[in-house]
Amino acid sequence: MKKPKLDYAKSKNSLDLFLKIDDDIFKFDKNKFIKFTALPKEANLVIFSKTAYLNCLKLLGSSMDTELNQFLKIVSKEKDLKKFPKMIEEISGSFSTNLSMKELIVIIRKQMM
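This is how it looks when you write it as structure tokens:
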């Protein structure tokens, strides 16, 4: 079943990507997440729960206080491909965005160049 799109004003002129994990807000910039205090009025936004994030850490055998950028490094080095579908399943239960998957992929690719 396809989830409804998040009802948050999307930034039309920006490749900025914001991540909200419960009350924590981050901006993805040059391959890393930077902590923010508030979302702008318009933002390209991805949201998922802290519970999903903590469950992903658990699947990877990481400490529950692992910082988000360290988590990205751990995921990029993970060799057990069987863990990825489980992580996607964890996140998908609380995942929402105001972007299409195509828009999300374009922003991430441009940010990583």
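First residue of the sequence shown: -1, per our numbering; consecutive thereafter.
Don't be surprised by glycine CBs; every beta carbon is placed ideally from N, CA and C.
Rounded to whole angstroms, the separation of the alpha carbons of threonine 95 and glutamate 101 is 11 angstroms. Apart from the 5 residues on each side of it in sequence, lysine 48 sits with its Cβ closer than 7 angstroms to the Cβ of Ile19, Asp20 in its chain, given in chain order. With respect to the 7 angstroms criterion, alanine 50 and serine 92 are classified as neighbours on the basis of their beta carbons. Only buried fits isoleucine 105, as 16 or more other CB atoms lie within 10 angstroms of its CB. DSSP lists Phe26 as the beta-bridge partner residues of leucine 15.
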